[in-house]
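Engineer:
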Amino acid sequence: EGIDRVALVCQSMGGWTGMRMALDHPDRLSCLVLCGTPGGIVTDQIIAAAARIAEGAAVDGISGNAALAKSFQKNEPALTFLYDQIGSHNTGFSPRLLGELASARIDPDELKSYSVPTLVVSGEEDALFPTEAIREIAELIPESELKTVPGSGHSPYYEVPQMFNALVDDFLSRFAS
413 EGIDRVALVC
423 QSMGGWTGMR
433 MALDHPDRLS
443 CLVLCGTPGG
453 IVTDQIIAAA
463 ARIAEGAAVD
473 GISGNAALAK
483 SFQKNEPALT
493 FLYDQIGSHN
503 TGFSPRLLGE
513 LASARIDPDE
523 LKSYSVPTLV
533 VSGEEDALFP
543 TEAIREIAEL
553 IPESELKTVP
563 GSGHSPYYEV
573 PQMFNALVDD
583 FLSRFAS
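In this note's numbering, the protein residues as written are 413 to 589.
(1) Which of the three DSSP states is assigned to S442 in this structure?
(2) Please name the residue in Y570, T429, R440 whose C-alpha comes closest to that of G414.
(3) Decide if the segment 516-536 is in contact with the segment 448-458; the criterion is three or more beta carbon pairs, one per stretch, under 8 Å apart.
(4) Does DSSP put T530 in a helix, a strand or coil?
(5) Less than 8 Å between the C-beta atoms of L420 and M433, yes or no?
(6) With H, G and I counted as helix, E and B as strand and the rest as coil, what does DSSP make of L558?
(7) With C-beta atoms as the reference, is A460 less than 8 Å away from G563?
(8) Which of the three DSSP states is assigned to A419 in this structure?
(9) Put I553 into one of helix, strand or coil per three-state DSSP.
(10) Determine the closest residue to D582 out of P450, L435, C443, with distance taken between C-alpha atoms.
(11) With a threshold of 7 Å on Cβ separation, who are the neighbours of W406 within its own chain once the five nearest residues in sequence on each side are excluded?
(12) Where do the N-terminal and C-terminal ends of the alpha helix (DSSP H) with E571 fall, by residue?
(13) If you count every other CB in all the chains shown that lies within 10 Å of the CB of L494, and 16 or more means buried, which is it?
(14) CA-CA distance, A539 and P568?
(15) Just list the residues that DSSP pairs G535 with in beta bridges.
(16) What are the boundary residues of the alpha helix (DSSP H) that includes R432?
(17) Express the C-alpha separation of T530 and D416 in angstroms, rounding to a whole number.
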């Protein structure tokens with residue numbers, strides 16, 4: 413396509429790809445947005461969160477509702493139903509994949525020369541990767557910005573799209589080129 417540089421916006425599992433791209437090809441990225449994801453950076457809190465996710469998926473299967481804030485589920489039953497229906501198209505997803513994803517780790521030493529402007533977004537009510545765990549990740553990424561989205565779970569882009577888009581638009585306006 414002839415695209416030399418891009419801004420990447422990555423949600424959840426997409427963060428592993430985005431973070432690896434930023435580390436391996438920083439010249440190809442103007443900036444990176446990581447939402448609800450550790451991006452492959454592993455801390456004790458992230459290991460514990462991944463174990464809870466895998467355990468829940470092994471017991472209850474994969475359900476989109478686990479990603480939504482409880483308050484969103486209560487206040488937006490139709491959108492909650494739609495989210496779960498969209499998620500039901502993710503057939504063949506195995507909880508084992510979460511373990512494999514967790515093994516694609518980024519050593520914190522790799523971040524010493526990290527230079528891509530990065531926005532880290534966390535939903536205040538994210539039950540999958542809690543804000544405290546995402547805050548720890550943001551602290552490891554040099555000069556990253558952390559924004560916590562109130563009233564949102566794991567999917568702020570879906571739960572509060574206007575707020576999410578405003579955060580991302582502001583960041584991109586400063587760094588995307």
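Positions of the beta carbon are idealized from the N, C-alpha and C atoms, including for glycine.
Structural biologist: A quick look at the data gives this:
(1) strand
(2) R440
(3) Flag = yes, the segment 516-536 and the segment 448-458 touch.
(4) strand
(5) For the pair L420 and M433, the CB atoms are nearer than the 8 Å cut-off.
(6) Note: L558 maps to strand in three-state DSSP.
(7) In terms of Cβ geometry, A460 and G563 do not form a close pair [threshold 8 Å].
(8) strand
(9) coil
(10) Check the Cα spacing between D582 and each of P450, L435, C443: the tightest is with C443.
(11) The structure shown does not extend to residue 406, since the chain is modelled only from 413 to 589, so the question has no answer here.
(12) Start and end: 568-571.
(13) exposed
(14) 12 Å
(15) Looking at the DSSP assignment, G535 forms a beta bridge with V561.
(16) 426-436
(17) 19 Å
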